[in-house]
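First the structure, in the form of C-alpha cells, and then the observations on it.
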Amino acid sequence: DGEYLFKNSKGVIVVLNKTTGFLKTVKQGSLELPVNQNFYYYLGMAGNNSKFAWRASGAYVLRPNTTKSAGDLPTPVTDRLLSYSIYEGVHVTEVHQVFTSWISQVIRLYDKSDLVEFEWLVGPVPVEDGYGKEVVTKYTTPMKTKGVFFTDSNGRHLIRRERNKRETYPFSKFEKVAENYYPVPSRMLISEKDYLALNGQTVVVLNDRSQGGTSMRDGEVELLIHRRLIYDDAFGVGEPLNEKAFGKGLVVRGKHWLLVCGEGTGIPISRNREVAQNIFMEKVVAFADAKVDNISNS
Amino acid sequence: QSIIDEVWNLSEPVAIVQHHDAITGTARQHVTDDYSLRLGKGMESCEDVINKAFRKLQPAVSLVSSNVSVPNLTSPYRFCHLLNISSCAPTEEMKDFIVTIYNPLARDLHNEYVRMPVPTPGWDVYSQNGLIQTQIVPIPQSVQQIPGRSSTAFYELIFAIDILPGLTLTNFRIIQNLSSPTNQLNPVFTGGQANTSAAS
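So the sequence lines, in the order shown, correspond to chains A and B.
So the first sequence is numbered by my numbering: it starts at 417 and just counts up by one.
So the second sequence is numbered by my numbering: it starts at 716 and just counts up by one.
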C-alpha cells in the first residue's frame with residue numbers, strides 16, 4: 417500500500433514511501449517514529465562587504481540569505497526522488513537514491529545493527545544562477561522538542577541548546593538561522609523530554625566529521641554538509657569558499673548514522689557514546705598479497 | 716629511534732594543522748593543499764610502522780580452510796586511501812589476498828561489517844573457521860562518475876565479523892571466484908520519477 421518495508425535481525429524496521437522514495441518511518445522496539453529525510457539549500461548572502469552587517473557568507477561566517485529565500489526555511493532540492501533502487505542481501509539492505517543530478521545517497525540497514533546509515537554524495541553544487549549555496553540535510557520527526565536540542569562538546573558531554581536563546585547574551589533575531597547554528601563535532605540529539613536522564617524517546621544523528629547543525633523546527637535535526645560560495649567574506653582569507661576540483665566544484669561524500677533510542681525502543685540513550693567511539697576509532701584495515709610464493713602452507 | 720622518527724613524520728603535520736585556519740577551513744586553497752600533502756606523506760610514513768606492528772602482533776593461527784599460515788606472510792601490507800570514493804588499489808589489483816583488521820579500541824567490537832571495493836562480483840572469503848557468507852552490491856553510478864575518480868571497482872564486497880576483541884588483529888583470506896553466484900546484484904525494487912511514463 418504505497419510503502420516499502422525492510423527490517424533486520426535486531427528488530428529495526430525502515431519504511432520508505434514508494435511514490436516519493438523518501439524515508440517515512442523507523443521502527444525500533446515498540447516505538448514507531450515517522451522520520452522524513454531530504455536535502456535542502458540556503459542561498460549564501462552575496463553582500464558587498466562595505467559594512468559588517470552586509471558581509472558575504474564565506475569561509476569565516478555562515479550567513480544564509482533568509483530574505484532572498486523563504487524566511488528561515490531552506491529550499492528542498494526535490495519533493496520526489498529522480499530514481500531509487502533497493503538491494504537486499506544476507507548482510508545489508510541498501511537503498512540507492514538519486515535526488516538530483518548533483519545529490520545522491522545510499523541508506524543502509526545492516527542485519528545486526530541498531531543504526532540506519534546514510535551515505536550522501538553532494539556536488540558539484542551548481543552556482544551558474546549567480547548564487548552560492550549552503551547545502552543541508554534534515555531529519556524531520558513529529559517529536560515535540562520545545563526548541564531544545566543537544567550537540568556534543570568535542571565528543572565529551574552533550575550541551576543543551578535552545579532555539580532563539582543564548583545563555584550569555586541576548587538573542588538578536590537579526591539572522592535567525594546563523595544565530596541558531598552550533599558546532600556538531602560528533603553527534604546531535606533531540607529528545608521528547610528535556611533532560612536525558614528521563615530516558616524519553618530520543619533521536620541521535622552521528623556524523624563522520626565536524627559539521628554545523630541546528631533544529632529550526634521542533635523534531636528536526638539539521639546538519640550543514642556542503643558549502644559552495646562565490647564571494648569572499650572579507651575577513652582575511654581573500655578567497656571565496658569555492659573549491660574547484662578537476663575544473664568543477666568539489667564533490668563531498670560522507671556518512672550520518674541515525675539511532676532511535678530511549679523510551680519504548682529497548683536501547684538506552686547512552687548507546688550514543690559507544691557508537692560515537694566506534695566511529696572515531698574505526699577499524700584499521702590492511703591488505704597483503706597471498707600469492708603462493710609469499711606465503712607458506714600451514 | 717627510526718620508528719619514532721617515522722611516527723614523528725605524521726605527528727608533526729598533525730601538530731601544524733592545529734592552527735585555527737587549518738581546523739576551520741579559513742586557509743587559502745594552496746595552503747590547504749599543502750596541509751593535505753603533509754598529512755598524506757605522514758600517513759604513508761606511519762603505514763610502515765603499522766606494517767611492522769601487524770607482523771609482530773599476528774596471532775599464531777592459520778586460516779585452516781585455505782591452508783594459509785598468516786604469520787609467515789612475506790608480502791608487505793598495502794592500505795587504501797580512497798575508500799571514501801569506493802576506490803582501493805590493493806583490492807582492485809589482487810585476486811588472492813589477506814585482509815588484516817585491527818580493533819584499536821580497548822574493548823570488544825560486535826557484529827561489525829567490512830566493505831571493500833572490487834572490480835568483479837565473484838569472491839570467496841575465508842575466516843579461521845572456513846568459508847563465510849558474503850554479499851556483493853553495485854557501486855552507485857553517481858559515485859563512479861565523481862570527477863577525478865579513476866577506479867576499476869564497480870562493486871563492493873561485504874562480510875561480517877561477529878566479534879573482534881579489543882586491541883586485537885583478525886585475518887581473512889579473499890580469493891576471486893568468477894563462478895560465484897551474483898543474483899543479489901539485481902535490485903528487488905526500483906522507483907522514482909525516472910521510472911514513470913511522465914518523466915520519460
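For glycine and all other residues, C-beta sits at the position ideal for the given N, C-alpha and C.
Bear in mind the structure is a predicted one, so any value in this text is a computation, not a measurement.
Report yes or no: is there a C-beta of chain B within less than 8 Å of the C-beta of residue i?
| i | result |
| --- | --- |
| A:His642 | no |
| A:Val477 | no |
| A:Leu622 | no |
| A:Met697 | yes |
| A:Asn694 | yes |
| A:Leu383 | This structure leaves residue 383 of chain A out entirely; chain A is present only between 417 and 714. |
| A:Asp383 | What is shown of chain A runs 417 to 714, which leaves residue 383 of chain A out entirely. |
| A:Arg496 | yes |
| A:Asn710 | Note that A:Asn710 has pLDDT 48, beneath the 50 cutoff, so the model's placement of it is unreliable and no number is given. |
| A:Ile429 | no |
| A:Val653 | yes |
| A:Gly418 | no |
Write down the C-beta distance between residue i and residue j rounded to the nearest angstrom, noting that I regard them as a contact closer than 8 Å.
| i | j | result |
| --- | --- | --- |
| A:Pro383 | A:Val667 | Examination of residue 383 of chain A is not possible in this model, given that chain A is present from 417 through 714 alone. |
| B:Ile916 | A:His512 | Absent from the structure is residue 916 of chain B, since the part of chain B shown begins at 716 and ends at 915. |
| A:Tyr555 | A:Val621 | 6 Å |
| A:Gly563 | A:Glu583 | About 14 Å; that fails the 8 Å criterion. |
| A:Gly629 | A:Val637 | 7 Å |
| A:Ile523 | A:Phe515 | At roughly 12 Å, the Cβ-Cβ gap does not stay under 8 Å, so A:Ile523 and A:Phe515 are not in contact. |
| A:Gly635 | A:Glu679 | Wrong, their Cβ atoms sit about 15 Å apart, outside the cutoff. |
| A:Val746 | A:Thr441 | Here chain A has residues from 417 to 714 only, and residue 746 of chain A is not among them. |
| A:Glu550 | A:Leu478 | 7 Å |
| B:Ile813 | A:Ala704 | 5 Å |
| A:Val716 | A:Pro599 | With chain A running from 417 to 714 in the structure shown, residue 716 of chain A is simply not present. |
| A:Val691 | A:Leu531 | 7 Å |
For chain A, find out if any of its Cβ atoms is closer than 8 Å to the Cβ of residue i; answer yes or no.
| i | result |
| --- | --- |
| B:Ile800 | yes |
| B:Gly740 | yes |
| B:Asn826 | yes |
| B:Ile967 | Nothing can be reported for residue 967 of chain B, as the shown portion of chain B is limited to 716 through 915. |
| B:Ile813 | yes |
| B:Ala868 | no |
| B:Asn682 | The requested residue 682 of chain B does not occur in the structure, where chain B is confined to residues 716 to 915. |
| B:Phe794 | yes |
| B:Leu788 | yes |
| B:Glu809 | Going by the sequence as given, residue 809 of chain B is Met instead of Glu. By this cut-off, B:Met809 is an interface position. |
| B:Thr835 | no |
| B:Pro896 | no |
| B:Pro832 | no |
| B:Ile878 | no |
| B:Met758 | no |
| B:Ala913 | Here the model assigns B:Ala913 a pLDDT of 49, short of 50, so the residue's position is not dependable and the matter cannot be decided. |
| B:Val858 | yes |
| B:Ala737 | no |
| B:Gly845 | no |
| B:Thr883 | no |
| B:Val764 | no |
| B:Phe904 | yes |
| B:Gly907 | yes |
According to DSSP, residue i sits in a beta bridge with which residue or residues?
| i | result |
| --- | --- |
| A:Lys443 | A:Ile429, A:Glu448 |
| A:Asn596 | Beta-bridge pairing links A:Asn596 to no other residue. |
| B:Glu871 | B:Pro832, B:Val852 |
| B:Phe887 | B:Val814 |
| A:Gln513 | A:Tyr500, A:Gln521 |
| A:Ala692 | A:Ala692 pairs with nothing; no bridge assigned. |
| A:Met632 | Partner(s): none; A:Met632 has no beta bridge. |
| A:Ile646 | DSSP output for A:Ile646 lists no bridge partner at all. |
| A:Ser607 | A:Thr618 |
| A:Thr561 | Answer is none; A:Thr561 lacks a bridge partner. |
| A:Gln627 | A:Val600 |
| A:Asn454 | A:Lys554 |
| A:Glu578 | A:Val564 |
| A:Trp536 | A:Gln521, A:Gly670 |
| A:Val493 | According to DSSP, A:Val493 bridges with nothing at all. |
| A:Glu419 | A:Asn433 |
| A:Glu638 | A:Lys554, A:Thr630 |
Practice item. Run through the region 783 to 866 of chain B for me and flag every whole alpha helix (DSSP H) of 4 or more residues, listed as ranges in chain order. Key: 804 to 808, 856 to 859
Exercise for review: Count the CB pairs spanning the region 689 to 704 of chain A and the region 639 to 657 of chain A that are closer than 8 Å, and state whether there are at least three.
Suggested key: no
Practice item. Could you tell me whether the region 884 to 901 of chain B touches the region 823 to 840 of chain B, where touching means 3 or more Cβ pairs closer than 8 Å? Key: yes
Review point. Okay, do the region 807 to 822 of chain B and the region 875 to 892 of chain B touch, 3+ Cβ pairs below 8 Å being the bar?
Key: Short answer: they touch.
Practice item. Output the residue ranges of the alpha helix (DSSP H) runs that lie fully inside the region 659 to 706 of chain A and measure 4 residues or longer, sorted by chain position. Key: 687 to 696
Practice item. Would you be able to state if there are at least three C-beta pairs under 8 Å between the region 645 to 655 of chain A and the region 459 to 471 of chain A? Key: yes
Exercise for review: May I ask you to verify whether the region 654 to 673 of chain A touches the region 750 to 765 of chain B, counting CB pairs closer than 8 Å and requiring at least 3?
Suggested key: no
Point to revise | Contained beta strand (DSSP E) runs [length at least 3] in the region 719 to 755 of chain B, N- to C-terminal order | key: none
Review point. If we count Cβ pairs, one from each stretch, closer than 8 Å, do we get three or more for the region 794 to 802 of chain B versus the region 844 to 853 of chain B?
Key: Output reads no: the region 844 to 853 of chain B does not touch the region 794 to 802 of chain B.
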